[in-house]
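Chemist: Protein chains in written order, with the working numbering: chain Y, 48 to 318; chain A, -5 to 282.
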Amino acid sequence: MSTGRRHEASTIALTAVLGAIALIATLLLLAPTVVVIVLSFTNGYSLKFPPPGYSLRWYESLPGAFQLQYAALNSLKVASTSTLLAVVLGVGAAMAIARSEKAMARVLDSFFMSPLILPALAFGLASLIYFSRIGIELSLLTLVIGHAVVGVPYVIRTTVAALSQMPAALLESSASLGASRAYTFRRVTLPLIAPGIAAGAFICFMSSFDNVPVSLFLRDASTDMLPIRMWQDLEGRLDVSIAAVSSLMVLVTLVLMIVMERLTGISQRMR
Amino acid sequence: MNSPVMKGPPVTGYSLAFATPLAIFFVLFFLAPLLLLILISFYTTPEMQSFGADQYVKIATDGFTLGVLGDTLWLGLQTTLLCLLLGYALAWSYVRSPGAVQKVLMLIIVMPLLTSVVVRTFAWVVILGRQGIVNSVLAEFGWIEAPLKLLYTRAGLVVSLANVQLPLMALPLITALQKLDPNLEDASAALGASALRTFTRITLPLTLPGILAGCLLTFAASITAFISQSLIGGGQMLFMPMYIYQQASSLQNWPFAAAISLVFLVAVMACVTVFNLLGRLSRGHIAA
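#1: Since I believe residue 76(A) is in contact with residue 152(A) (beta carbons under 8 angstroms), could you give me their beta-carbon distance rounded to a whole number of angstroms?
#2: Could you list the residues in the stretch 91 to 107 of chain A with a C-beta less than 8 angstroms from some C-beta on chain Y, going in chain order?
#3: Nearest to residue 62(Y) by alpha carbon, out of 232(A), 86(A), 13(A)?
#4: Can you tell me the Cβ-Cβ gap for residue 143(Y) and residue 202(Y), rounded? I've got them flagged as a contact below 8 angstroms.
#5: Under three-state DSSP, which class holds residue 256(Y)?
#6: Would you mind sorting residue 304(Y) into buried or exposed? The rule is 16 or more other CB atoms within 10 Å of its CB.
#7: Compare the C-beta of residue 146(A) against all C-beta atoms of chain Y and say whether one is closer than 7 angstroms.
#8: Can you list the residues of chain A that residue 94(Y) reaches, using a CB-CB cut of under 8 angstroms?
#9: Closer than 7 angstroms, CB to CB, is residue 282(A) near chain Y or not?
#10: Quick one: Cα of residue 94(Y) to Cα of residue 82(Y), how far?
#11: If residue 292(Y) sits next to residue 115(Y), beta carbons under 8 angstroms apart, how far is it from one beta carbon to the other, in whole angstroms?
#12: Hey, is the stretch 159 to 168 of chain Y in contact with the stretch 259 to 268 of chain A, meaning 3+ C-beta pairs nearer than 8 angstroms?
#13: Does DSSP classify residue 300(Y) as helix, strand or coil?
#14: For residue 160(Y) and chain A, any beta-carbon pair shorter than 7 angstroms?
#15: Listed in chain order, which residues of the stretch 241 to 261 of chain A have Cβ atoms closer than 8 angstroms to some Cβ of chain Y?
#16: Note down the Cα distance separating residue 9(A) from residue 197(A), rounded to an integer number of angstroms.
#17: Is the shortest distance between the beta-carbon of residue 311(Y) and the beta-carbons of chain A less than 7 angstroms?
#18: Compute the minimum distance between the beta carbon of residue 228(A) and the heavy atoms of the ligand NAD, and state whether it is under 6 angstroms.
#19: So, at 7 angstroms on beta carbons, what are the nonlocal neighbours of residue 238(Y) in its own chain, with the 5 sequence-adjacent residues on each side left out?
#20: For residue 274(A), does the three-state DSSP call read helix, strand or coil?
#21: If distances are taken between C-alpha atoms only, which option among 27(A), 271(A), 114(A), 166(A) comes closest to residue 221(A)?
#22: Checking contacts by CB at 7 angstroms: is residue 57(Y) closer than that to chain A?
#23: Quick one: is residue 99(Y) near chain A, going by C-beta distance under 7 angstroms?
#24: Contact criterion: CB-CB distance below 7 angstroms. Does residue 125(Y) meet it with respect to chain C?
#25: Within the 7 angstroms Cβ cut-off, does residue 66(Y) reach chain A?
#26: Taking CB distances under 7 angstroms as the criterion, tell me whether residue 84(Y) reaches chain A.
#27: In angstroms with no decimal places, state the Cα-to-Cα distance between residue 198(Y) and residue 89(A).
#28: Is it right to say residue 48(Y) is buried, meaning 16 or more other beta carbons lie within 10 angstroms of its own, or is it exposed?
#29: Indicate whether residue 168(Y) and residue 238(A) have their beta-carbon atoms separated by less than 7 angstroms.
#30: Give me the Cα-Cα distance between residue 99(Y) and residue 91(Y), rounded to the nearest whole angstrom.
#31: Please compile the residues from chain A whose C-beta is within a distance smaller than 7 angstroms of the C-beta of residue 177(Y).
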């Protein structure tokens, strides 16, 4: 059975090679998180890794970092407001296109999804020129509008997926038992698609909180946003306090992520 | 119609009218700005007084802009290929892992997608820096005398971009590999094909739609990855997003910034269309 043994050997070799690359990939996926968290506890002034010693000094510096706090607050305001707007507009649009056979529904779907593929920076610049031409001054409102446009696709994608997985029989039986459309929506549809909406809203919120290309153009000079503040701090001087901020963000993300996984199975909805 | 009083679409669907608010919102704040961008790109000077194709002539002839564009697309391609290698191996191992490992792996893959890009890029600045992990380890083993320059290099940028975008590649590949009928691989082995032959002749071709979907997402994300490009590439390398930002913000040259944005946008759309066509072809190929 020499061919059999040769086959076994080739199977082992393939599994070993792909497995080794996969292991490297997994380490590379984990590395950034681990590195940032370890570095945030350094007692040094530089990004030297491994740190020369450990302390909480960079965390202790955060309560006095007013610029970062102000920027974080702005990001929080914009992310929550734009997510709310994206959910209200996006769920309606998802209902309209999810189970429709009409060609118009496909056209609308592509239209609403296009911000995902379009370079966000080009959209940011276009919006800046647009707002300045129609005489709307840059403010938190312009940021909310811009973020809602680029965030809406996430809400639509997860909501449409949730709607199309819903068995049609449920809606038909609800209707045949005499329930009105509105009643069926409130009592049958909404509870079933709520996890899908929540997952989309969560992704929309996180992407808004992290947005740079749109914020760069649509914020006014006095409105600082967290990722932009961090980016500029890093470009000027490789500031270690950014490591502490980053670790806090990683921690919050991880907690939110686990909660969302429990509530909505979010990792299955991000495909 | 089941019942004479029922009007409109069947109970399982909703009227297209539900999309009206978003459609209006998109026309006002998405379509209109983009159309205005086209208009602005046809002004001849930053003062925006007369119309002409001057900006586009400048792009075609200045010998610089097209270079930046080509370099940006080339960066996207390099990143996508490295990402495909890492992502495919990861996805291939994922579907062969036991359920408990899959759960943990999925969290490890999805978590970076939700972590701030600035944070992830910052980590790579730490890893690649003069006093970073790579240099510390190499120095520890005595393999290098002086720290290597990794940050602000092309190779460093490609490696870190590939990692920042890895989840976008891995997720569609996992979906594609999970859909693959395991009997096909078994049949190929039973008929005497080696594991490598089964992999290249069965597994790879049948997961082509997933490969193309992953490549599309990775490519689109890495050419517009403004933060990673500027922090890891440094001031020496210029790519389209930064170029657009400089022209628009520092130089206040809106017509030229608009024109290069549109050229960039069209180039991205052309790449997307090619990927989509290939995807459709590969799906047809599999169905046949």
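Even for Gly, the Cβ is constructed at its ideal location relative to N, Cα and C. The structure displayed is predicted, hence computed values, not measured ones.
Modeler: In brief:
#1: For this step, residue 152(A) is matched to residue 158 along the second sequence. For this step, residue 76(A) is matched to residue 82 along the second sequence. Going by Cβ atoms, the distance from residue 152(A) to residue 76(A) rounds to 6 angstroms, so yes, they are a contact pair.
#2: Answer set for the stretch 91 to 107 of chain A: 99, 100, 101, 102, 103, 104, 105, 106, 107.
#3: Here residue 62(Y) refers to the residue found at position 15 when the first sequence is read from its first residue. When only C-alpha atoms are compared, the closest one is 86(A).
#4: Walking along the first sequence from the start, residue 143(Y) turns up at place 96. Walking along the first sequence from the start, residue 202(Y) turns up at place 155. Residue 143(Y) to residue 202(Y), Cβ: 13 angstroms. No contact.
#5: Taking the first sequence and counting its residues from 1, the one referred to as residue 256(Y) is at position 209. Looking at residue 256(Y) - three-state DSSP - the assignment turns out to be helix.
#6: The count along the first sequence starts at 1 and reaches residue 304(Y) at position 257. Using a 10 angstroms sphere on the CB of residue 304(Y), the tally of other CB atoms reaches 16 or more, which defines it as buried.
#7: Within the second sequence, residue 146(A) is the residue found at index 152, counting from 1. At a cut-off of 7 angstroms between beta-carbon atoms, residue 146(A) makes no contact with chain Y.
#8: Walking along the first sequence from the start, residue 94(Y) turns up at place 47. Taking a Cβ-Cβ threshold of 8 angstroms, the residues of chain A close to residue 94(Y) are 119, 120, 123, 125, 126, in chain order.
#9: Residue 282(A) sits at position 288 when you count from the first residue of the second sequence. Residue placement at residue 282(A) is flagged as unreliable, the pLDDT there being 45, under the threshold of 50; the coordinate-derived value follows with that caveat. Output row for residue 282(A): interface = no.
#10: Taking the first sequence and counting its residues from 1, the one referred to as residue 94(Y) is at position 47. Taking the first sequence and counting its residues from 1, the one referred to as residue 82(Y) is at position 35. Between the alpha carbons of residue 94(Y) and residue 82(Y) lies a distance of about 10 angstroms.
#11: Stepping through the first sequence from its first residue, residue 292(Y) is reached at position 245. Stepping through the first sequence from its first residue, residue 115(Y) is reached at position 68. With a beta-carbon spacing of about 6 angstroms, residue 292(Y) and residue 115(Y) fall inside the 8 angstroms limit used to define contacts.
#12: Segments in contact, yes.
#13: Within the first sequence, the letter at position 253 stands for residue 300(Y). It is helical.
#14: As a first step, residue 160(Y) must be located in the first sequence, where it is residue number 113. For residue 160(Y), the answer is no, since every Cβ of chain A falls outside 7 angstroms of its Cβ.
#15: The stretch 241 to 261 of chain A vs chain Y, Cβ under 8 angstroms: 242, 243, 248, 251, 252, 255, 256, 258, 259.
#16: Residue numbering aside, residue 9(A) sits at position 15 when the second sequence is read from its first letter. Residue numbering aside, residue 197(A) sits at position 203 when the second sequence is read from its first letter. Residue 9(A) and residue 197(A): Cα-Cα distance of roughly 42 angstroms.
#17: For the purposes of this step, residue 311(Y) is taken as residue 264 along the first sequence, with counting starting at 1. Taking Cβ atoms only, chain A never reaches closer than 7 angstroms to residue 311(Y), which makes this a no.
#18: As presented, the structure is devoid of all ligands, the ligand NAD included, so that no description of it is given.
#19: As a position in the first sequence, residue 238(Y) is number 191, starting the count at 1. Contacts found: none.
#20: As a first step, residue 274(A) is located in the second sequence; it is residue number 280 there, counting from the start. Helix, per DSSP.
#21: Walking along the second sequence from the start, residue 221(A) turns up at place 227. Closest option to residue 221(A), Cα to Cα, is 114(A).
#22: Numbered from its first residue, the first sequence carries residue 57(Y) at position 10. Yes, residue 57(Y) lies at the interface with chain A (some Cβ there is under 7 angstroms from its Cβ).
#23: Position 52 of the first sequence, counted from the start, is the residue given in the question as residue 99(Y). No, no contact with chain A.
#24: In the displayed structure, chain C is absent; the protein chains listed are Y and A.
#25: Sequence index remark: in the first sequence, residue 66(Y) carries index 19 (1-based). By the rule that beta-carbons nearer than 7 angstroms mark a contact, residue 66(Y) touches chain A.
#26: On the first sequence, position 37 is the one that residue 84(Y) refers to. It does not; no Cβ of chain A falls within 7 angstroms.
#27: Residue numbering aside, residue 198(Y) sits at position 151 when the first sequence is read from its first letter. Residue numbering aside, residue 89(A) sits at position 95 when the second sequence is read from its first letter. One C-alpha to the other measures close to 31 angstroms.
#28: For the purposes of this step, residue 48(Y) is taken as the residue at position 1 of the first sequence. With a pLDDT of 44 at residue 48(Y), under the threshold of 50, the modelled position of this residue cannot be trusted, and the question is left open.
#29: Position 121 of the first sequence holds residue 168(Y). Position 244 of the second sequence holds residue 238(A). Yes, the Cβ-Cβ distance between residue 168(Y) and residue 238(A) is below 7 angstroms.
#30: The residue labelled residue 99(Y) in the question sits at position 52 within the first sequence. The residue labelled residue 91(Y) in the question sits at position 44 within the first sequence. Rounded to the nearest angstrom, the two C-alpha atoms are 7 angstroms apart.
#31: Sequence index remark: in the first sequence, residue 177(Y) carries index 130 (1-based). Here the neighbours are 26, 27, 30.
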